[in-house]
Amino acid sequence: MNSLRKTRTRVALVAVPTAALLLAGCAGGTGGTDGDNVILVGTTDKVTTLDPAGSYDNGSLAVQINVFPYLVDTDQNSTDVVPSLAETAEFTAPDEYTVTLPEGLTWANGNTLDAHDVVFSFERNIAINDPNGAASLLYNLDSVEATDDTTVVFHLKSENDQVFPFILTSFPGAIVDEESFSADALTPDADIVAANAFGGPYAITDYDFNNVVEFAPNKEYKGLLDAPVNDSVILNYYAESSNLKLEVEKGEIDVAYRSLSATDVDDLRGNDDVQVIDGPGGEIRYIVFNFNTQPYGATTPEADPAKALAVRQALADLIDRDAIAEQVYKGTYTPLYSYVPDGFAGATESLKGLYGDGDGGPDVDKAKETLEAAGVATPVKLSLQFSPDHYGPSSGDEYAMIKDQLEADGLFAVDLQSTEWVQYSEDRTSDVYPAYQLGWFPDYSDADNYLTPFFLTENFLGNHFSDQAVNDAILKQAVTPDPAERTALIEEIQDLVAAQLSTVPLLQGAQVAVAGADVDGVLLDASFKLRFAPITR
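Position one of the sequence shown corresponds to residue 604 (the numbering used here), numbered consecutively onward.
Here is the structure:
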């Protein structure tokens, strides 16, 4: 592959397999290419598109968060939302959120960066509404206006929105250059790079799609982070996690970000040159059902809602989460029995009592009874898809085990297939997969982020799940100021969804960080964002 590498002190940040791991070398090094403080980063993740309107995945965000500005961001020492590009950001009325910008902002290309770019960014995101984008998070945005060159007012549909500021820190919050981006279509990566249309801590100086990206500090950057303390960053993409691990061990990269297998992580824990530190995290893994194309789905010749539900319920009865967590992921994941993971207000175990043996284990007899009662012939033929590259190298073992669990007693016949992420992200929103793997990294530290993107009628999954009671409850919790009342609504939503199984949650992962004495400034926040700017040697 085309990349620059040099043996030296290293930091590695990877996933376990989809949580975060920072590995820092303890031996001294030369500190850069040709004497420069160049940080070399490696990943097995993939970019869908540089355009923030067309992506809702961590591989794309890993680049975007470093090259585009955001009005507000999450404070690195808490979960509070604080101004970043903005000077001030606050509610000025129950249904108005007002942001003021400093005067004299410019993009890396010299274009003026002002309130009109902000309005343009949000209006185009909603207008494009790309199936792989995050426009659905802007469900409560009625309109946005620039009252002058430095003032933006967001007009909200509902008052007392508890999550809108958090949403501005995530995917749809990236601001883009109105003079460089299309208003009604995704802008190609090559055009973005050629226009030097960047306003984050870095600008991209060389770009080879999912092969190598080179970043240089953007001297025009103004935001929450200090200016980059390194001279440049080179991000290399790897096809195999085994090669990524080898580069870590050889010291030929400084930072490896997503993903190494659980076995590789265990091996690295025994490496005296690295320190592995376990911490909290909110990543989840789950199976999505397409309500149109799953067995007995709405557009299949044998469409039958009751039988389709029975298929989903039977699958939930047969899954052995403990076995997957221990045998595949070596305990780096824990079983997840609902939609909001442990550690967030409103977390429940809604599925635990409904499915399987009632205590988290599988129950074949219950699955068989469910299918028989609905008149479903067995074995149920189920096409199940996973991505071998996006969620870590252990995905193959994970889904092979799920296939074995479903087929063990003859209730299912699973056609298990895999597709690499770039094609996968297109196929899953085009009704190609009846059931498929997804994972989730939190955009912001609130339980809403595990509900709104998935279960509103207009949702990120695009899996044709729609339930008015769920939709209304999600909208209500988002504007409920009383914490106890809001928590009760979050719990109720999970119970409602658990009864219908739009998705089947499987596992929850924890962040893992490792740091060495000779590497400074590695910053990974609660939303799983790796900031390049503070990293130095």
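All C-beta atoms, glycine included, are put in the ideal place defined by N, C-alpha and C. Quantities reported herein were computed from a predicted structural model and do not represent experimental measurements.
DSSP three-state assignment for Phe-818, whether helix, strand or coil: strand
Sequence ranges, alpha helix (DSSP H) only - wholly within the stretch 1019-1087, length at least 4: 1024-1030, 1055-1058 and 1071-1081
Neighbour-count burial assignment, Pro-775, 16 or more Cβ in a 10 Å radius: buried
Within-7 angstroms CB hit, Phe-801 to chain C: Although the question refers to chain C, the structure presented lacks it and comprises just one protein chain.
Own chain, CB closer than 7 angstroms to Ala-797, minus 5 neighbours either side, in chain order: none
Nearest residue (CA-CA) to Gly-1042, options Asp-648, Thr-1083 and Ser-746: Asp-648
Beta-carbon proximity list for Phe-694, same chain, < 6 angstroms, skipping 5 on both sides: Tyr-700
DSSP beta-bridge partners of Val-721: Val-721 pairs with nothing; no bridge assigned.
Inter-residue CB distance, Gln-916 and Leu-741 (contact presumed, cutoff 8 angstroms): Contact doesn't hold; Cβ gap of about 33 angstroms is too wide.
Whole-Å CB distance - Val-931 paired with Ser-997, under 8 angstroms assumed: 5 angstroms
Buried or exposed by the 16-neighbour rule on C-beta atoms within 10 Å, applied to Gln-1026: exposed
Beta-carbon gap between Tyr-940 and Leu-921 smaller than 7 angstroms: no
Where Phe-757 falls: helix, strand or coil (DSSP): strand
Burial state of Ala-786 (16 or more Cβ within 10 Å): exposed
Cβ separation of Gly-802 and Ala-656, assumed to be a contact under 8 angstroms, to the nearest whole Å: At roughly 16 angstroms, the Cβ-Cβ gap does not stay under 8 angstroms, so Gly-802 and Ala-656 are not in contact.
Cβ neighbour criterion (16 or more within 10 Å) applied to Ala-984: In the sequence on display, residue 984 carries Lys and not Ala. The residue in question, Lys-984, is exposed, as its Cβ has fewer than 16 Cβ neighbours within 10 Å.
Option in Gln-1080, Asp-1085 and Thr-1060 with minimal Cα separation from Asn-1074: Thr-1060
Whether Ser-986 touches Pro-1037 by CB criterion (7 angstroms): yes
Three or more C-beta pairs below 8 angstroms linking the stretch 1012-1025 and the stretch 1043-1056: no
Whole-Å CB distance - Leu-643 paired with Ile-856, under 8 angstroms assumed: 5 angstroms
Cβ pair Asp-676, Leu-789 closer than 7 angstroms: no
Nearest-angstrom Cβ-Cβ length linking Thr-646 and Tyr-840, presumed shorter than 8 angstroms: 6 angstroms
Complete beta strand (DSSP E) runs within the stretch 655-737 (minimum length 3 residues, chain order): 675-677, 684-686, 691-696 and 699-703
Identified DSSP bridge partners for Leu-987: Leu-1019 and Ala-1038
Distance, Asn-743 Cα to Pro-1137 Cα: 34 angstroms
Length at least 4, wholly inside the stretch 857-913: the alpha helix (DSSP H) runs in chain order: 865-872
For Thr-1090, three-class secondary structure by DSSP: helix
Cutoff 6 angstroms; reference Asp-809; Cβ partners in own chain excluding five residues on either side: Glu-817
Whole-angstrom distance between Gly-1112 and Asn-728, CA atom to CA atom: 30 angstroms
8 angstroms Cβ shell around Pro-965 - same chain, five flanking residues per side excluded: Asp-920, Leu-921, Ile-922, Asp-923, Gly-959 and Gln-1008
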